[in-house]
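Below you'll find the structure, written out as structure tokens, and then a few comments.
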Amino acid sequence: MSSDGNRKQFWKRNAAKVPGSIQHVYGAQHPPFDPLLHANLIKAGNKPPPATPGKPKKATTFQEFESITSDAWDVGDDDDELLAMAAQNLNIEVVMETANKVIENHSKQQERQRLDDTTELEQREEDTQEELAEDEEEDEEEEESTVEGGEVTSPEVSFASQCSPYTDGHLVKSHSEAPIGSPKDEAGECVALHRQRSLPHRPVIPLVARMADQNTSGTPAMTEREASRLDKFKQLLAGPNTDLEELRKLSWSGIPRQVRPITWKLLSGYLPANAERRENILQRKRQEYFGFIQQYYDSRNDEHHQDTYRQIHIDIPRTNPLIPLFQQASVQEIFERILFIWAIRHPASGYVQGINDLVTPFFVVYVFEYIEEEVENFDVSSLQEEALRNIEADSFWCMSKLLDGIQDNYTFAQPGIQRKVKALEELVSRIDESVHRHMQQYEVEYLQFAFRWMNNLLMRELPLRCTIRLWDTYQAEPEGFSHFHLYVCAAFLVRWRKEIIEEKDFQGLMILLQNLPTMHWGNEEVSVLLAEAYRLKFAFADAPNHYKR
0 MSSDGNRKQF
10 WKRNAAKVPG
20 SIQHVYGAQH
30 PPFDPLLHAN
40 LIKAGNKPPP
50 ATPGKPKKAT
60 TFQEFESITS
70 DAWDVGDDDD
80 ELLAMAAQNL
90 NIEVVMETAN
100 KVIENHSKQQ
110 ERQRLDDTTE
120 LEQREEDTQE
130 ELAEDEEEDE
140 EEEESTVEGG
150 EVTSPEVSFA
160 SQCSPYTDGH
170 LVKSHSEAPI
180 GSPKDEAGEC
190 VALHRQRSLP
200 HRPVIPLVAR
210 MADQNTSGTP
220 AMTEREASRL
230 DKFKQLLAGP
240 NTDLEELRKL
250 SWSGIPRQVR
260 PITWKLLSGY
270 LPANAERREN
280 ILQRKRQEYF
290 GFIQQYYDSR
300 NDEHHQDTYR
310 QIHIDIPRTN
320 PLIPLFQQAS
330 VQEIFERILF
340 IWAIRHPASG
350 YVQGINDLVT
360 PFFVVYVFEY
370 IEEEVENFDV
380 SSLQEEALRN
390 IEADSFWCMS
400 KLLDGIQDNY
410 TFAQPGIQRK
420 VKALEELVSR
430 IDESVHRHMQ
440 QYEVEYLQFA
450 FRWMNNLLMR
460 ELPLRCTIRL
470 WDTYQAEPEG
480 FSHFHLYVCA
490 AFLVRWRKEI
500 IEEKDFQGLM
510 ILLQNLPTMH
520 WGNEEVSVLL
530 AEAYRLKFAF
540 ADAPNHYKR
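In case it helps, numbering that gives the first Met the number 0 puts the sequence shown at residues 0 to 548.
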């Protein structure tokens with residue numbers, strides 16, 4: 000079968016099974032499309048084939064969808080001077096120094112870990128040999144005692160009777176009595192079990208909790224350096240007028256959990272630098288949000304809004320399904336209100352599937368403003384009603400601020416995403432030509448996997464705790480969500496260079512790129528990723544002649 004035929008068969012078989020496949024990123028107002036067809040159309044400059052006569056014509060391309068859409072973007076009436084704060088530049092020397100230190104420290108830690116692992120492995124092997132020797136001695140003693148009792152039993156059978164999960168105390172005397180396998184097989188399994196038990200237990204990293212200090216070693220204790228950084232944040236935030244430039248410098252390398260809520264509100268432009276104005280603005284914006292609820296939410300079942308609300312209602316239970324916090328009915332109702340009001344106020348895009356993911360980091364961070372314990376299994380009904388209302392309103396406004404900066408990602412034809420995917424392809428071709436050519440060889444289009452990276456800001460590729468750490472830097476970086484994210488995606492793709500090169504067919508590459516193994520990632524991996532992304536930005540952002548062919 001031809002390569003093109005293989006690709007068609009792959010999409011036909013896996014469109015409904017592959018997690019996060021491209022057809023699932025569109026909401027009620029965006030019809031799904033064939034990314035392969037669309038990419039080829041763009042290259043060839045041709046129009047899509049006409050619909051089959053006798054069947055109703057469906058919008059299958061961005062251009063067709065554009066022709067039936069006639070609405071305008073609602074910019075909103077938020078404080079303009081707050082939006083201007085995000086335009087300030089970071090001190091390049093400070094961030095570059097931070098990036099170099101992160102990469103250097105990571106290399107040293109990897110080398111130390113390698114040496115520790117080697118020593119630990121040798122010790123485990125010695126312990127395992129001792130355990131096996133002790134087991135053999137015990138088996139010999141049991142055999143002797145069995146012979147003395149008048150019944151002869153082989154050591155193999157005795158060993159199997161100890162380890163077999165299905166014997167229930169019954170001694171297996173022959174191979175034929177074992178329902179599955181043989182005593183030798185069971186002995187091998189028992190040896191493996193002993194070896195497994197001798198391995199150190201890797202701590203389970205929570206999906207949400209301890210996001211400020213969680214790393215892959217699972218050690219949440221605050222170091223002296225982290226305590227010093229927290230003090231710097233508190234001193235900076237305690238002043239009557241917060242120096243936002245200095246706050247960005249501190250935040251680039253991560254924000255401590257204790258001060259993350261107020262820091263995010265300041266860096267997003269939701270709150271002003273002047274401390275005296277903050278409480279009045281918070282009250283006004285929260286009242287304004289619940290005014291929208293009273294004005295618009297009852298219209299969710301109206302004919303012209305019911306499709307949008309139905310899609311939101313379907314998508315909310317799918318949002319982070321592995322985290323119990325987001326499966327609580329009260330939390331899902333909050334998300335429905337936030338997304339519906341946002342869609343009503345932004346008719347150019349309406350609700351697009353994937354925007355539901357963008358609420359979750361804000362919600363979790365602002366829950367931490369009211370609790371000390373882990374949030375993953377926290378019951379939000381234990382919070383006071385006023386606290387829940389504040390969390391909901393603050394999440395809405397900060398999500399709106401984020402989306403205002405990437406609004407062309409979600410308007411009709413989604414031109415922002417198309418431009419960024421094309422820029423990603425050009426950038427990767429420059430920084431790692433072997434990866435780029437490998438995907439070209441197996442006809443993998445960047446749109447097929449990077450569309451989701453841009454649409455969801457890598458939220459479906461990373462655990463939520465990593466997303467929150469990533470957003471610390473996005474909030475601190477000028478145009479972090481709209482511009483710096485491109486370089487993060489490039490660094491993220493090249494990070495999996497070895498795994499990509501090992502895949503030798505279209506299907507294997509697509510499954511890998513849509514299911515990258517990041518479940519055990521923590522702060523350390525995200526910091527290295529950000530440092531590499533900043534290097535790319537430093538090299539290419541202001542050097543267009545090196546960026547374009």
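Glycine is no exception: its CB is placed at the ideal position from the N, C-alpha and C atoms.
Report the rounded CA-to-CA distance for residue i versus residue j, giving the unit in angstroms.
i    : j    : result
A540 : F491 : 17 Å
K536 : E478 : 12 Å
S250 : G521 : 17 Å
V330 : R459 : 20 Å
Q305 : R299 : 6 Å
P360 : L265 : 16 Å
M221 : Y295 : 45 Å
D356 : E498 : 27 Å
Y350 : Y308 : 9 Å
S428 : F377 : 45 Å
S348 : I280 : 28 Å
I354 : P462 : 17 Å
A532 : F480 : 13 Å
Q439 : Q286 : 53 Å
W452 : V525 : 16 Å
F289 : Q326 : 23 Å
V364 : E223 : 24 Å
Q282 : E384 : 15 Å
I204 : P516 : The predicted position of I204 is uncertain, since its pLDDT is 47 and thus under 50; a value taken from the coordinates is nonetheless stated next. Roughly 14 Å between the two C-alpha positions.
L246 : F232 : 8 Å
R317 : E372 : 25 Å
W263 : Y369 : 15 Å
Candidates the options: which alpha carbon is nearest residue i's?
i    : options                : result
H303 : P346, L270, Q439       : P346
L338 : D471, L402, A489, K284 : L402
Q447 : Y533, V420, R259, L246 : V420
P260 : N279, L236, R283       : L236
Q413 : K503, I430, F450       : F450
S252 : F362, Q474, Q506       : Q474
R464 : V374, V351, E225, I315 : V374
H437 : G507, D378, N376       : G507
E523 : R468, E372, H482, R285 : R468
N454 : A532, Q417, V363, F483 : Q417
I315 : L387, I405, L270, Q352 : Q352
F367 : Q406, K400, L324, F334 : L324
D504 : E442, W452, I333, V525 : E442
K430 : L511, R496, R224       : First, the residue type needs correcting, since residue 430 is Ile and not Lys in the sequence shown. I430 has its Cα closest to that of R496, out of L511, R496, R224.
K284 : T318, D393, Q310       : D393
I311 : I322, V358, L387       : V358
E332 : E372, H435, L270, R388 : R388
L456 : I510, K248, M398, E371 : M398
Can you list, in chain order, the residues of its chain whose CB lies under 6 Å from that of residue i, leaving out five sequence neighbours each side?
i    : result
A211 : For A211, the pLDDT reaches just 41, beneath the cut-off of 50, and the residue's location in the model is therefore unreliable, leaving the point undetermined.
S175 : Legend: pLDDT at S175 = 35, less than 50; position of this residue unreliable, no value from coordinates given.
A272 : N240, T241, L243
E613 : What is shown of the chain runs 0 to 548, which leaves residue 613 out entirely.
F334 : I315, V358
When burial is assigned at 16 or more other CB atoms within 10 Å of the CB, is residue i buried or exposed?
i    : result
D471 : buried
M518 : exposed
E391 : buried
A342 : buried
N514 : exposed
E275 : exposed
E444 : buried
A530 : buried
A422 : buried
I313 : exposed
G268 : buried
E550 : Past the edges of the chain, shown from 0 to 548, lies residue 550, and the structure says nothing about it.
L270 : buried
I322 : buried
Grab me the residues of residue i's own chain with a C-beta within less than 7 Å of its C-beta, minus the 5 sequence neighbours each way, in chain order.
i    : result
I292 : R336, I340
L528 : V487, A490, F491, R494
E278 : none
F362 : I390, S394
Using the DSSP secondary-structure output, state which residues sit across from residue i in a beta bridge.
i    : result
N273 : N240
Counting only the same chain and skipping the five closest in sequence on each side, list residues whose C-beta sits under 8 Å from that of residue i.
i    : result
L426 : L485, Y486, A489, L535, F539, Y546
D406 : Rather than Asp, the amino acid found at residue 406 in this sequence is Gln. Once the five neighbours on either side are set aside, the close Cβ partners of Q406 are W72, H345, A347, S348, G415.
G404 : A85, E478, F480, S481
S433 : R496, I500
Chain D beta carbons: is any one of them nearer than 7 Å to that of residue i?
i    : result
L235 : The chain inventory of the structure shown lacks chain D, comprising one protein chain alone.
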